Structures are given as structure tokens and as C-alpha cells.
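Chains A and B, in that order, give the protein sequences.
For what it's worth, my numbering labels the leading residue of the first sequence as 221, then goes sequentially.
For what it's worth, my numbering labels the leading residue of the second sequence as 59, then goes sequentially.
Let me begin by presenting the structure, written as C-alpha cells, before commenting on it.
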Amino acid sequence: MGRNEFLTEVRGFPDCHNPAPCRVFLKQLHAFLSDKYRPRIIFDLSGVQTMNAVGIDLLLKCVILISDCDGELRLACASPQTALVLELTQLNQVVDVFPTVAEALVNLDVRFPDEQNARYIKPAA
Amino acid sequence: MEIGVILVTGRSPFDKTSKTAKNARTGFGESHSPDDFVRWDLLGRSVLARMVDLLKAAGIKVISVVNEDQHDRNHSKIEPWEKTLKDYVHSGVRHTLVISARRYIEIDITKLILFHRQTSSTVTNVAGESGPLGVTVIDSKCAVGEDSPLSSRLPAFAACSSTYDYDGYVNNLSSVAEYRELVLRTLAGKCAIRPLAQEIKANVWVAPDARIHSSVRLVAPAYVGAHTRIRAGALLAGTSVERDSEIDCGTVADSCSVLPHTYIGPGLHVSQSVVNGSRLLHLKHGLDMDLGETGLLGPKRNEKSYSLLGSIGAFVQSAFHGEPQSDAPTPSQAAASLERAQ
Chain A
221 MGRNEFLTEV RGFPDCHNPA PCRVFLKQLH AFLSDKYRPR IIFDLSGVQT MNAVGIDLLL
281 KCVILISDCD GELRLACASP QTALVLELTQ LNQVVDVFPT VAEALVNLDV RFPDEQNARY
341 IKPAA
Chain B
59 MEIGVILVTG RSPFDKTSKT AKNARTGFGE SHSPDDFVRW DLLGRSVLAR MVDLLKAAGI
119 KVISVVNEDQ HDRNHSKIEP WEKTLKDYVH SGVRHTLVIS ARRYIEIDIT KLILFHRQTS
179 STVTNVAGES GPLGVTVIDS KCAVGEDSPL SSRLPAFAAC SSTYDYDGYV NNLSSVAEYR
239 ELVLRTLAGK CAIRPLAQEI KANVWVAPDA RIHSSVRLVA PAYVGAHTRI RAGALLAGTS
299 VERDSEIDCG TVADSCSVLP HTYIGPGLHV SQSVVNGSRL LHLKHGLDMD LGETGLLGPK
359 RNEKSYSLLG SIGAFVQSAF HGEPQSDAPT PSQAAASLER AQ
């Protein structure tokens, strides 16, 4: 388990009106994933007011990075507007979206019911 | 001239619901007044214009449209419809039909006037199951001789007024859902109005100058308006696309209405919505959003939507059909490609 095979991490997705936090988010995620195998990550979208083109761009990059590590990604706490954009672009069929982080955790942990630990990383301001 | 018609938009003294019009949920945010729905295109022509067409078809030659919302009540107590009524009287019109143009009804004007004459009423109000429908016949003698506004004198005519019972179809057009209902009803052929297009197959209407790619699927009921463009691979089901709009490649529009001058980007799935430029109203979720920033839809196409499609399509391609591609293009880099999206 040297590569933290079953680590579950919850990350607050940045509101992408400002591109700087998006770049920091991607860099941090890249650094986190560099030595991970099959990580399980939840993006908390509660900080996203509106999913604009920059946000979708960032989300897609993250999806690709995580899939490179054979990881699993879930989205949670999308606002109705964000959920609508995900539905329009059919991204909700590529990545599962849950109403709360708890439900996303349950979904990820369904095969490993003993694991309850998850750490939360807030997005950069 | 026997009969004149005044179509009143905005607040009307003959329509009880107009008193709460400002607070009514329009479904499109506070910026839209409730009577905007009558001005929206409905399968090629606005509901208001269609009302005028129906009146002309019934032989009415004197028709006016007045907007009560533009009336400054501090400046004059005489409302615009009253001024028009007085003009009609001076022109020799015997009966004036005042219609609150906020809802769609299919009333037989000839029968209504006949009823009005037979009952020798001064005023005849039309009422349906839910109450007054904002349609009133007024005799010219009401409007002459007095200086006070007619609207303040109308209650006095209650004793010599009659009620015409209407049991036909009524659409209050007070919400986007009701607008959609009228669209579907018209496409199904259950209304007096018809789409401004040719019926190419059962309940599928296409305007002659619409450009539709051969790979597009139109599932009834559907309407494609004038000067529209439906690009390759699109699917329209239960959807109306009004004039001067464009649906880009591979987009699925299911149970939607696309209002004029709207562009919907490629590879999208729009369902149960009304789209007006960059604004999208989702009927199921009750959302009213401006998506101009996303580039997914708007008054005209832009490159953002192509970039997004390329990125999403590339990811789907790699995730489900091949090796993961860490260098897959993202919106800031991708070139548009329909093949990759498919």
C-alpha cells in the first residue's frame, strides 16, 4: 500500500471566474496524483457559483489526470446552475454527480465499508 | 362599421388577473412582463399577431392594439383603450370588443356579437370556468356624453350587462409551461392556429427556406422555422425551432422551444427547456439561467462551444474506446472536430 492505493480525498473545486485559483488547483492536484495509484477523489462544487468555460476546461483536465492514475472521481454539491451545465454538456454521464459529499463518499466506499477517512482540501483563494 | 376590436396588452381593467400581473411568475425572471408571452413567436408568428389574423379572418376590419403599461396615470386618467374606443365611436362603430391580449382563447366573434345583440345588453362579458376572460363587448352609447373615464363608470353598467359563457380552450399564457403547452397543442393540430410551415409528415412542420442536414432526425411533433439551420447529426423531438436560429452538430433537443435568433452549440443535450438567445429556462428544474459565458448557446455561435465539444468528445473517445490520453486537448487548445465528438 506504499502508493496509498485506497486514499479518498475531497477537494473544494474553485470558482473559476478568476483563472489564478484554477491554475493553483490543477498544479496541486497534479502534485498530489504524481505518486498515487487508483486514488479516489471527490470534487466539492459548493464553491462554484456558475460553471463557465474555464471551469469546464479545468474539470476536463482533472478528469483526464485522474483517469491516467486509474483513479475514480465523483462530483458533489453542485448548485442547480452548475448541475444544469453538467447536464447540457452531458458531463454528468462521464462523472457521477451527488447531492452531498457524504453520498459521494458512500458511493466510493461501497466496496470498502470500513474506510471512513477522507481528508478535505480547500481551494486556493 | 359595425364592430371594432381593441386588443389591450399590459394591465387591463377587464382582466382581474392583470392586477397581480407584476407579481406573476413569468418563469423568465423579473425582467419580463407577463404579457411578453403573447409577443413570443409561436411556430412562426407571435400569439398577438395570430389574434389579429383570427379577427381579420372573422371579418373584423377595425383593429387596434394598445399597451396599457405605457400609460402614465399621473398624466391622464383616460386610459389608452378608452381613447381608442371614443375614436371608434366617432368613426361610427356600434359595438367595440375589448380583448385583454394576455391569454389565448378561440372565441367565435360572430356568435358573441349575436348574443350581445340578442340580450340587448350594453356590456357583455365573456367568462369561462375560471371566471372572466378579459373579453368585453361595449356598446357605443356607453362611451358618449360623459366626461368621466369609462373605466370608472363600467361597474354601473353591471345591471344591464350580460355574461357570455365560453367553454372552449383557454391558455392563460402566464408561464413558460403554458407557452409550451400551446406550442404542443398547435403542433398536434388541436388549435385554430397553424404553424407557418409545410407539414412534411404527421405533426412535423418545416419552413421552405429552413436548411436541414440529411442526417438530422425530426421526431414528431416538431417545427423548424424560416431561415433556420439544423446541422448534421442533430435530433429534434417534441421541439420547435423558431426563425433565424441554428442548432449545431450532434445536439439533441428534446421537448424544447428555441426562440428566434438563438444558437445552440454542438454536442449538447437540451431537454424540457425554452431557450431565448443565451437564456435558458429549464421547465423541470425551474431554473432561469444566462449561459452566455459558457459559449454553449447564445444569440450567435462562437468558438468556445467548438472547443468544449472537442475536449469532451476527445475524453469520451479515450475513456471508452482507447488508451487514456494525458495529452488530450482541452478547450484552450482543441480544434473543432465532429468526428472526434462522435
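Heads up, the beta-carbon is just placed ideally off N, CA and C, and yes, glycines get one too.
Keep in mind that this is a model prediction, so the values were computed, not measured.
8 angstroms Cβ cutoff met for B/T286 and B/S303: Their beta carbons are under 8 angstroms apart, which means B/T286 touches B/S303 by this criterion.
Listed by chain order, chain A residues near B/H340 by CB distance under 8 angstroms: Chain A residues near B/H340: L304.
Residues of its chain near B/A250, where Cβ-Cβ distance is below 6 angstroms and the 5 sequence neighbours each way are ignored: Close CB contacts of B/A250 within its chain, under the 6 angstroms cut and outside five residues either way in sequence, are with E164 (chain order).
Chain-order list of residues whose beta-carbon lies under 7 angstroms from that of A/S266 (same chain, five-residue window excluded): Within the same chain, C297 come within 7 angstroms of A/S266 by CB-CB distance, once the 5 residues on both sides are set aside.
Within chain A, the residues that B/E351 reaches when beta carbons sit closer than 8 angstroms: Chain A residues near B/E351: T270, N272, A273.
Unbroken beta strand (DSSP E) run spanning B/Y281, endpoints: Run containing B/Y281: 275 to 282, per the beta strand (DSSP E) assignment.
Nonlocal neighbours in the same chain, by C-beta distance under 6 angstroms from B/L155, ignoring five residues either side: Once the five neighbours on either side are set aside, the close Cβ partners of B/L155 are V63, V195.
Proximity winner among B/D166, B/H271, B/I322, relative to B/E300 (alpha-carbon distances): Residue nearest to B/E300 within the set B/D166, B/H271, B/I322 is B/I322 (criterion: CA-CA distance).
Beta carbon of B/A185 nearer than 8 angstroms to that of B/Y227: With contacts defined by Cβ atoms closer than 8 angstroms, B/A185 and B/Y227 do not form a contacting pair.
Cα-Cα separation between A/F252 and B/S329, rounded to whole angstroms: Near 38 angstroms, if we compare the C-alpha coordinates of B/S329 and A/F252.
Option nearest A/H237 by Cα separation, candidates A/Q248, A/N312, A/Q269, A/T228: Its Cα nearest to that of A/H237, the residue A/Q269 stands out among A/Q248, A/N312, A/Q269, A/T228.
A/P319 at chain B interface by Cβ criterion, 8 angstroms: Output row for A/P319: interface = no.
N-terminal and C-terminal residue of the alpha helix (DSSP H) that A/I284 is part of: Annotation for A/I284: the continuous alpha helix (DSSP H) segment containing it runs 273 to 288.
Sequence-distant residues of the same chain with beta carbon closer than 7 angstroms to A/P239, five excluded per side: Excluding residues within five positions, the ones whose Cβ falls inside 7 angstroms are V274.
Neighbour list for A/Q310 in chain B, Cβ cutoff strictly below 8 angstroms: Simply G325, L326, H327, I370.
As assigned by DSSP and simplified to three states, the class of A/V268: DSSP places A/V268 in coil when its eight states are reduced to three.
Three-state secondary structure (DSSP) of B/V66: Secondary structure of B/V66 (DSSP, three-state): strand.
Beta carbon proximity, A/P300 to chain B, threshold 8 angstroms: By this cut-off, A/P300 is an interface position.
Beta carbon proximity, B/L345 to chain A, threshold 8 angstroms: Yes, contact with chain A.
Rounded separation between A/Q310 and A/A324 - CA only: Counting only the Cα atoms, A/A324 lies some 19 angstroms from A/Q310.
Option in B/R275, B/G325, B/D99 with minimal Cα separation from B/V401: There is no way to answer for residue 401 of chain B, as the model of chain B reaches only from 59 to 400.
CB contact below 8 angstroms: B/L354 versus chain A: Closer than 8 angstroms: yes.
Under 8 angstroms between C-beta atoms of B/R160 and B/V110: Their beta carbons are not under 8 angstroms apart, which means B/R160 does not touch B/V110 by this criterion.
A/R294 and A/V326 closer than 8 angstroms at C-beta: No; because the gap between Cβ atoms is not below 8 angstroms, this pair is not in contact.
Segment limits, beta strand (DSSP E) that includes B/S331: For B/S331, the enclosing beta strand (DSSP E) begins and ends at 331 to 334.
N- and C-terminal bounds of the alpha helix (DSSP H) containing B/P138: Start and end: 138 to 149.
Residue closest to B/C307, alpha-carbon to alpha-carbon, out of B/S198, B/V193, B/L294: That would be B/L294, whose Cα lies nearest to the Cα of B/C307.
Where A/F233 falls: helix, strand or coil (DSSP): Coil.
Limits of the unbroken alpha helix (DSSP H) element including B/Y237: Per DSSP, B/Y237 is one residue of the alpha helix (DSSP H) stretching across 234 to 245.
Where B/H327 falls: helix, strand or coil (DSSP): In this structure, B/H327 counts as strand in the three-state DSSP scheme.
Buried or exposed (CB count within 10 angstroms, at least 16 for buried), B/R331: A small fix is needed here, since residue 331 of chain B is Ser in this sequence, not Arg. A residue is called buried once 16 or more other Cβ atoms fall within 10 Å of its Cβ, and B/S331 is buried on that count.
Candidates B/Y222, B/R359, B/I61, B/E137: closest to B/R289 by CA position: For B/R289, the nearest C-alpha among the options comes from B/R359.
Reduced DSSP secondary structure (H/G/I, E/B, other) of A/V244: In the three-state scheme derived from DSSP, where H, G and I count as helix and E and B as strand, A/V244 is classed as helix.
8 angstroms contact criterion, which B/G283 and B/A265 should meet: CB distance rounded: Correct: roughly 5 angstroms between the Cβ atoms.
B/R108 versus B/N230 - alpha carbon distance: Distance from the CA atom of B/R108 to the CA atom of B/N230, rounded to whole angstroms, is 15 angstroms.
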